[in-house]
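One structure below.
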Amino acid sequence: MGQSSSTVGAAAGYRPSATLPFAAEFRRQASRRRTQLALGFMVLLPLIILIAFQFDAGDDDRDGGGGEFSSLADLATSGGLNFTLFSLLVSASFLLVVVVALFCGDTVASEASWGSLRYLLAIPVPRARLLAVKLLVALAYSALALLLLAGTALLAGTLRYGWEPLRSQVSAQLDPGEGLLRLLAVLGYLAVVLLAVAGLAFLLSVVTDAALGAVGGAVLLWILSSILDQIEALGAVRSFLPTHYANAWLGLLSTPVQTDDLVRGCISAIAYATLFWSVAFWRFTRKDVTS
Amino acid sequence: MRSPSSAAPVRRALGTRRRRIVAGSVAVVLLAAAALWAARPGEAGFRTESARITVRSGPAGDEPVDLDATFYLPDDASAGRKVPAVLLAHGFGGTKESVRADAEDLAAQGYAVLAWTARGFGRSGGQIHLDSPDHEVRDAERLLDWLAARPEVRTDAPGDPRVGVVGGSYGGGLALLLAAQDRRVDAIVPMITWNDLSRAFLPESTGGPATSGVFKKGWAGIFFGGGGNAGSGPAGLSGGSAAEPEGNPASAGPPSPTPGTGPGTGSGRAPAGAADPACGRFAADVCAAYLRIATTGRAEPADVELLRRSSPAGVLDRIKAPTLLVQGTADSLFPLAEADANARGIAANGTPVRVAWYTGGHDGGAGPTSDSDRVKYLTLQWLDHYVTGDGPAPGDDFTYSRVAGFNALERGLVATGYRTADYPGLAGDDRREVAVTGPAQPVANPPNGNPAAISSVPFAGALGSLLDGVAGDVPGQHARFESAPLTEAVDVTGAPTFSIRAASPTGEAVLFVKLYDVDPGGAATLPNGLVAPVRLTGLPAEIGAAKPVTVTLPGIVRRVEAGHRLRITVASTDQAYTTPAQPTVYTVAAGDAPLVLPTVTGEPIPTAATVWRWVLAGLLAAVVVGLVVVVLLARRRHRRQDSSVHPEYAGVPLAVRQLRKEYADGFVAVSNVDFEVHPGQVVGLLGPNGAGKTTTLRVLMGLTQPTAGEIYVFGRRLVPGSPVLSRIGALVEGPGFLPHLSGLDNLKAYWRATGRPWADAHFDEALEIAGLGESVHRKTRKYSHGMRQRLAIAQAMLGLPELLVLDEPTDGLDPPQIAEMRRVLQRYATDGRAVLVSSHLLAEVEQTCTHAVVVNKGRIVASGPVAEIVGESPSVLFDVTDPAAARDVLGRLDGVTVLPDPEGNLVVDTNGTARSEVVAELVRAGIGVDRVVPRRRLEDAFLALVGENSRGSGDR
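The listed protein sequences derive, respectively, from chains A and B. The number in the numbering used here is simply the position in the first sequence, starting from 1, with 4 added. The number in the numbering used here is simply the position in the second sequence, starting from 1, with 422 added.
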């Protein structure tokens, strides 16, 4: 019946490593309305921003704000690259966090709440494989969301504002080619930082059966970390907060590129993600599935 | 069993909640502990005592002055364990409190630190003599006496303490002058200080004397601003504003180069009655010199002489104490040239000298963290070796740093440190020549120097260099000479030189020469806002007759990128300097020499950033290795897994052996369940709600780990995830579907997840069993309970598994569907297949199953073929007119026993006696028999259970 030693005694055609293929899980998630909405919004957001900029009445109200936000906002209409950068800036701190938490926090918890998780385990899909495939698919969708956002913004911004050099307040302007490279690096760093959110949401997804709890919990903890990061009295403790280096990608805009905080940010994010995922796997491969 | 059966779910819920609370609390406590640890007050590794030390100084050493001091003593210092000392001097306008953070850091490193407020400042008495050898320096000598008298301080000889002198700016000048005047000093670390005070305030960049220098009125005014107002004014003017950009001595760590905070703070409390409104706490001679210079913008030889007296320049040959010179590149008050002169002068005697540049200074403050850390490290290393006698000789290599960019997180600058073996001086160890050209241009000198170009704003240099637009030249008042774009980047390290020619109708010209870095976009940056003022005399009226003069520009450390241009601007005014009041028009032309840029070949100092890069690489490697190890371990465990076939159960679809499941809170859901399912059988698992049926099935599906016992499927041991599970189709605890997919898509998605061949699924049979018709294309979210149930059964049958496990399959079905389901299940259990059905309905099991297993409270109560269980039992229920009489009659019959019945019915074990005979006996006795109901075993078993406890025992 079985073909190899590992499938001895199994039904014909069953191989543990062939269960729940990546494509199957990808389709399972693709058919969900929340996936379609989240990805759709990633496409829509840059267009909304673009339209909003059209309403610029021209009265320069530049007294308020300050910091890198206003400078990037002022420069947002100077070219497609700057427009993309602005779109990333406005979505990095919250929207992308929510989207990543949605993809990673919802994936296991929703199956548990539908009751379909136990049928997957009874196929049987090995638990570690189930988690691994679910995690990879969730990460793939998160990356897709990031790329859709950046891609749409770049396309729409370039069509509207042209293929101009990347400008910022902290460095001289960069040639479009160099600017594109920087933009890709910014995307890469954002993706790495969001791994910590992905880890947290995924862990909560495994721990709880309520999808909302996993997604909301991850976002709440992320916000809590951001708030704590604002409290300077905490001193060195802040370096251990997962959000501490979330804005270090601004260093990629300066010339020469400031990588020190990026490196620390990567260490922080990867360490957190590894920790959260390890706990998630450890927990899920041992727990009694009662939902 | 009773109490757990009802309270268990509650307790279980409590248990999990408690565990979560515990976990949450632990996390909160850890977080709080970490926060406390980080925010803890500095550890009390030392104690402090305040003292008012009266010293006798002055030219004759007989003028008493009270000095306000604080002595920091490490906790472990005592007369038996003497420690080396550090004399810590503050900057101009500061007090002993300005160096508190540095003092505490040094004390924590094991030094006894004496910080005092210099005379003329704060609560100390006396007047400001600008580090005069007879006053401030002599005060410090008396402080050395005081240190030597302390029993805790190590001494080299009686009255000679083991001591280093550390200070920045005004304090740095004192360190140099004290070391020159008193041999007892063992090492000094003067930071951002001067070599020649007259040259610092009256610079002349073609090498002219201070008497022809251009007065640096901006800085001089800030330092002297307090002179006129001994009361309160200056405190607001410079004390407050200066403290802001100046710096963060607290965060910079020990001996951060801390310039003064302006005179305001110091002159707040003038000695009663001594306040001269023009001079405040300044000594009369210093005050008079300032007033003279500031009035004319020129220094008389006497004034220069006074400033020279307060300068290390003339006494460098007497300094024998090893000297670490720290100078800032962002310093328009005491530029790099001051430290360079000190270094050369001291090294000429053979005294060990080490030079370090950092990117702060009087304009730039403590600089980036990497810089203040380096300065801190170098200082401690210097003191440890030359004062304490610990550690290897620090060597004399030269370290410097260059601003490398802007830190987005800290909103500050980032600097890269470099090291080179020998101190190259300001001329560098190599040079690049760049042709900078332009025509002769007229340059107007406006009356009274107004409007003036802005190059630097004292105390705001770092800020100014960041903000484009602050610095600017006035049109018509400057000449520009530019280079072609550089073909390759050049790292300027040192003082560039350039030659100019100038003509002036008055024969004299005051000019400011600046080197701009111009990017391809045209934005010009003046490094650190530094300018080279020159006063040229004896000039011709026509430019053609002008002779070239070489101007030494201020020392800088800067990388000029390829493609950038270099621009020399020669301006007639600068806000920070006094310029001639007469309006004139000069003519300025480039000289005969190119712009010479000194360079230094330095290797980058590895910083923590490099370490972090390795940490990142290590982390990634660890993750990869960890992943590989985990996968390998899992494979190995998998291989070791028992894949043998239990010979006894090889052909048995399901054998459950002494199964026990105990939850973490101690609740026993299944205590001992033991049954088998053979091919061709439809086995009913019968029991009331909460009997343990579902728990048994959960274990069977690999969802839950059993506490004890085994399950064999076709002789193979079943554990969670066993491949043999693929031969079982299941419906456990209700259907579970993706609500957004149609019924058919759900089945397809499920089968896709199995990874098995499409043809093996037998969708048609399954769909036929589901009997959903066209509804199979609707989303399952819209299904009724029964439809979902049928779809779930169809899903369980996908692939026609050899063992079908159905938990309450008829739940939600209507009677015709139930009847149909019965037929389906009976038909299914052919061809060697078997079905296990759980139910709490007796009738269902009776009608559907071939065999039954009755469980209650986690135990098997009865099991066997349904025919056998349901078959007639020897007990009979009689419904009679007179039960009491009937009992008597029956009691007399041989072998017939009346069984106890909880409901008071008359139940009789006929024990072989024919029922007709028993009825005849009763009738014969005149008792009317209404009904005779034969009892069945299954019902017996069931009634027995229900009799014991009619309540269910909760969800198991």
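Cβ atoms here follow ideal geometry from the backbone N, Cα and C, with glycine treated the same way. Values in this document were obtained by computation on a predicted structure and should not be read as measured data.
Counted within 10 angstroms of its Cβ, other Cβ atoms place residue 265 of chain A as buried (16 or more) or exposed:
Translated into the one-based positions of the first sequence, residue 265 of chain A becomes position 261. Under this definition residue 265 of chain A is a buried residue.
Report the rounded CA-to-CA distance for residue 1136 of chain B versus residue 1072 of chain B, giving the unit in angstroms.
In the second sequence, the residue the question calls residue 1136 of chain B occupies position 714. In the second sequence, the residue the question calls residue 1072 of chain B occupies position 650. Each residue's Cα considered, the two are about 5 angstroms apart.
Quick one: which chain B residues come within Cβ less than 7 angstroms of residue 270 of chain A?
Start at 1 with the first residue of the first sequence, and residue 270 of chain A comes out as number 266. 1038, listed in chain order.
What do you get for residue 1059 of chain B, buried or exposed, if any count of 16 or more other CB atoms within 10 angstroms of its CB means buried?
Against the second sequence, residue 1059 of chain B aligns to sequence position 637. By the 16-neighbour rule on beta-carbons within 10 angstroms, residue 1059 of chain B is exposed.
Quick one: what's got a C-beta closer than 7 angstroms to residue 851 of chain B's C-beta in the same chain, skipping five residues either side?
Residue 851 of chain B sits at position 429 when you count from the first residue of the second sequence. So the list reads 1022, 1023, once near-sequence residues are dropped.
Buried or exposed by the 16-neighbour rule on C-beta atoms within 10 Å, applied to residue 692 of chain B
Residue mapping note: residue 692 of chain B aligns to position 270 of the second sequence, counting from 1. Here the model assigns residue 692 of chain B a pLDDT of 40, short of 50, so the residue's position is not dependable, and the following value carries that caveat. Buried: at least 16 other Cβ atoms inside 10 Å.
8 angstroms contact criterion, which residue 1382 of chain B and residue 754 of chain B should meet: CB distance rounded:
The structure shown does not extend to residue 1382 of chain B, since chain B is modelled only from 423 to 1378, so the question has no answer here.
State the Cα-Cα distance for the pair residue 232 of chain A and residue 97 of chain A, rounded to the nearest angstrom.
Locating residue 232 of chain A in the first sequence gives position 228, where the first residue counts as 1. Locating residue 97 of chain A in the first sequence gives position 93, where the first residue counts as 1. Approximately 15 angstroms, taken between the alpha carbons.
If you reduce the DSSP assignment to three classes, tell me which class residue 823 of chain B lands in.
By 1-based counting over the second sequence, the position of residue 823 of chain B is 401. It is a strand residue.
Straight-line gap, residue 553 of chain B to residue 581 of chain B (C-alpha atoms, nearest Å)
Residue numbering aside, residue 553 of chain B sits at position 131 when the second sequence is read from its first letter. Residue numbering aside, residue 581 of chain B sits at position 159 when the second sequence is read from its first letter. The straight-line gap from Cα to Cα measures roughly 23 angstroms.
Hey, is residue 568 of chain B's beta-carbon within less than 8 angstroms of any beta-carbon in chain A?
Along the second sequence, one-based indexing puts residue 568 of chain B at 146. Taking CB atoms only, residue 568 of chain B has no neighbour in chain A less than 8 angstroms away.
At what residues does the alpha helix (DSSP H) containing residue 1287 of chain B begin and finish?
Counting from one through the second sequence, the residue named residue 1287 of chain B turns up at place 865. Premise fails: residue 1287 of chain B lies in the beta strand (DSSP E), 1281 to 1287, not in any alpha helix (DSSP H).
Quick one: does the C-beta of residue 715 of chain B sit closer than 7 angstroms to a heavy atom of the ligand ZN?
The model on display carries no ligand, and the ligand ZN is accordingly not part of it.
Residues of chain A with CB under 7 angstroms from residue 1127 of chain B, in chain order?
Numbered from its first residue, the second sequence carries residue 1127 of chain B at position 705. Within chain A, the residues near residue 1127 of chain B are 292.
With a threshold of 8 angstroms between beta-carbons, can residue 1160 of chain B be considered close to chain A, or not?
Here residue 1160 of chain B refers to the residue found at position 738 when the second sequence is read from its first residue. Chain A contact via Cβ: present.
Give the C-beta separation of residue 864 of chain B and residue 1009 of chain B to the nearest angstrom, bearing in mind that I take them to be a contact with Cβ-Cβ under 8 angstroms.
Translated into the one-based positions of the second sequence, residue 864 of chain B becomes position 442. Translated into the one-based positions of the second sequence, residue 1009 of chain B becomes position 587. With a Cβ gap of about 5 angstroms, residue 864 of chain B and residue 1009 of chain B count as contacting.
By the 10 Å Cβ neighbour count, where 16 or more other Cβ atoms means buried, how is residue 1334 of chain B classified, buried or exposed?
Against the second sequence, residue 1334 of chain B aligns to sequence position 912. Exposed is the call here.
If you follow the beta strand (DSSP E) that residue 864 of chain B is part of, which residue opens it and which one closes it?
For this step, residue 864 of chain B is matched to residue 442 along the second sequence. Note, residue 864 of chain B: beta strand (DSSP E), 863 to 867.
Taking Cβ positions only, does residue 1243 of chain B come closer than 8 angstroms to chain A?
For this step, residue 1243 of chain B is matched to residue 821 along the second sequence. Not closer than 8 angstroms to any Cβ of chain A, the Cβ of residue 1243 of chain B fails to qualify, so no.
Assuming residue 641 of chain B and residue 760 of chain B make a contact with CB atoms under 8 angstroms, what is their CB distance in whole Å?
In the second sequence, residue 641 of chain B corresponds to position 219, counting from 1. In the second sequence, residue 760 of chain B corresponds to position 338, counting from 1. Contact doesn't hold; Cβ gap of about 13 angstroms is too wide.
State yes or no: is the C-beta of residue 215 of chain A within less than 8 angstroms of the C-beta of residue 114 of chain A?
Position 211 of the first sequence, counted from the first residue, corresponds to residue 215 of chain A. Position 110 of the first sequence, counted from the first residue, corresponds to residue 114 of chain A. Using a Cβ distance threshold of 8 angstroms, residue 215 of chain A and residue 114 of chain A count as a contacting pair.
Can you give me the start and stop residues for the beta strand (DSSP E) that residue 938 of chain B sits inside?
Position 516 of the second sequence, counted from the start, is the residue given in the question as residue 938 of chain B. Unbroken beta strand (DSSP E) run through residue 938 of chain B: 930 to 940.
Roughly how many angstroms lie between the CA atoms of residue 1319 of chain B and residue 1108 of chain B, to the nearest whole one?
Counted from its first residue, the second sequence places residue 1319 of chain B at position 897. Counted from its first residue, the second sequence places residue 1108 of chain B at position 686. Their Cα atoms are separated by approximately 29 angstroms.
Among B/931, B/1049, B/1175, B/955, the one whose alpha carbon lies nearest that of residue 23 of chain A
Taking the first sequence and counting its residues from 1, one reaches residue 23 of chain A at position 19. Here the closest residue by C-alpha is B/1175.
For chain B, check one thing: does any of its Cβ atoms lie closer than 8 angstroms to the Cβ of residue 18 of chain A?
Along the first sequence, one-based indexing puts residue 18 of chain A at 14. Yes, residue 18 of chain A lies at the interface with chain B (some Cβ there is under 8 angstroms from its Cβ).
Within a Cβ cutoff of 6 angstroms, which residues of the same chain sit near residue 771 of chain B, ignoring the five residues on either side of it in sequence?
The count along the second sequence starts at 1 and reaches residue 771 of chain B at position 349. For residue 771 of chain B, where only same-chain residues beyond five positions count, the Cβ hits under 6 angstroms are 739.
Excluding the 5 residues flanking residue 1353 of chain B on each side, which residues of the same chain have their C-beta closer than 6 angstroms to its C-beta?
The sequence position of residue 1353 of chain B within the second sequence is 931, counting from 1. Taking residue 1353 of chain B as the centre and dropping the five residues before and after it, the same chain places the C-beta of 1301 closer than 6 angstroms to its C-beta, in chain order.
Between residue 270 of chain A and residue 202 of chain A, which are expected to be in contact by the criterion C-beta below 8 angstroms, what is the C-beta distance as a whole number of angstroms?
Numbered from its first residue, the first sequence carries residue 270 of chain A at position 266. Numbered from its first residue, the first sequence carries residue 202 of chain A at position 198. Not confirmed; about 14 angstroms, so no contact.
Considering only their Cβ atoms, is the gap separating residue 149 of chain A from residue 42 of chain A smaller than 8 angstroms?
The sequence position of residue 42 of chain A within the first sequence is 38, counting from 1. The sequence position of residue 149 of chain A within the first sequence is 145, counting from 1. Contact: yes.
If you drop the 5 nearest sequence neighbours on each side, which residues of the same chain put their C-beta closer than 7 angstroms to that of residue 245 of chain A?
Locating residue 245 of chain A in the first sequence gives position 241, where the first residue counts as 1. Around residue 245 of chain A: 229, 232, 233.
Leaving out five residues before and five after residue 1007 of chain B in sequence, what residues of the same chain have Cβ atoms less than 6 angstroms from its Cβ?
As a first step, residue 1007 of chain B must be located in the second sequence, where it is residue number 585. 864, 866, listed in sequence order.
Contact check, residue 750 of chain B vs residue 790 of chain B under 8 angstroms by CB: the rounded distance?
For the purposes of this step, residue 750 of chain B is identified with residue 328 of the second sequence, where counting begins at 1. For the purposes of this step, residue 790 of chain B is identified with residue 368 of the second sequence, where counting begins at 1. With a Cβ gap of about 12 angstroms, residue 750 of chain B and residue 790 of chain B do not count as contacting.
Note the first and the last residue of the continuous alpha helix (DSSP H) segment covering residue 723 of chain B.
The count along the second sequence starts at 1 and reaches residue 723 of chain B at position 301. In this chain, the alpha helix (DSSP H) harbouring residue 723 of chain B covers 723 to 731.
Residues from the region 1138 to 1159 of chain B in contact with chain A, defined by Cβ distance under 8 angstroms:
1138, 1142, 1143, 1144, 1145, 1146, 1147, 1148, 1149, 1150, 1152, 1154, 1155, 1156, 1157, 1158, 1159
Between the CA atoms of residue 156 of chain A and residue 84 of chain A - distance to the nearest angstrom:
Residue numbering aside, residue 84 of chain A sits at position 80 when the first sequence is read from its first letter. Residue numbering aside, residue 156 of chain A sits at position 152 when the first sequence is read from its first letter. Looking at the two C-alpha atoms, the distance is approximately 10 angstroms.
Tell me whether residue 609 of chain B sits in a helix, a strand or coil according to DSSP, three-state version.
Counted from its first residue, the second sequence places residue 609 of chain B at position 187. In the structure shown, residue 609 of chain B sits in a strand (DSSP, three-state: E or B).
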